[in-house]
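Taking it in order: structure first as structure tokens, then the write-up.
Residue numbers (the numbering used here): 3 to 105.
So this is what it looks like as structure tokens:
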């Protein structure tokens, strides 16, 4: 009888440890999800900022094109900057899509 009670107590202790480990695992998973969501929001914000910066440069380029004299090097630099921003936007979109796929 005494052995049976000890066995029950031991089983309850093991069950309690198992439940605590499961709770700890759930907390860790929740924290990982929160971190992934923060990364997703950061990438989204960076994409919005890049888009706004690109729009600002496009507007600036329109203003420059209305000027009478403009050097070819200025146009080349602005064009390269726009191309770089476009590539960065595409990279951000790919990162956002990968983030969504792995959530």
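Quick reminder that beta carbons are idealized off the backbone N, C-alpha and C, glycines included. On a predicted model such as this, the values are computed, not experimentally measured, just so you know.
Indicate the three-state DSSP secondary structure (helix, strand or coil) for residue 46 in the structure shown.
helix
Within 10 angstroms of its Cβ, does residue 94 collect 16 or more other Cβ (buried), or is it exposed?
buried
So, using beta-carbon positions, are residue 49 and residue 87 closer together than 8 Å?
no
Short Cβ contact (8 Å threshold) for residue 92 with residue 41
no
Is it true that the CB of residue 84 sits closer than 8 Å to the CB of residue 56?
yes
Short of 7 Å in beta carbon distance, which residues of its chain neighbour residue 72, apart from the five on each side in sequence? Order them along the chain.
66
Quick one: Cα of residue 62 to Cα of residue 68, how far?
10 Å
With distances taken between CB atoms, is the gap from residue 98 to residue 45 smaller than 8 Å?
yes
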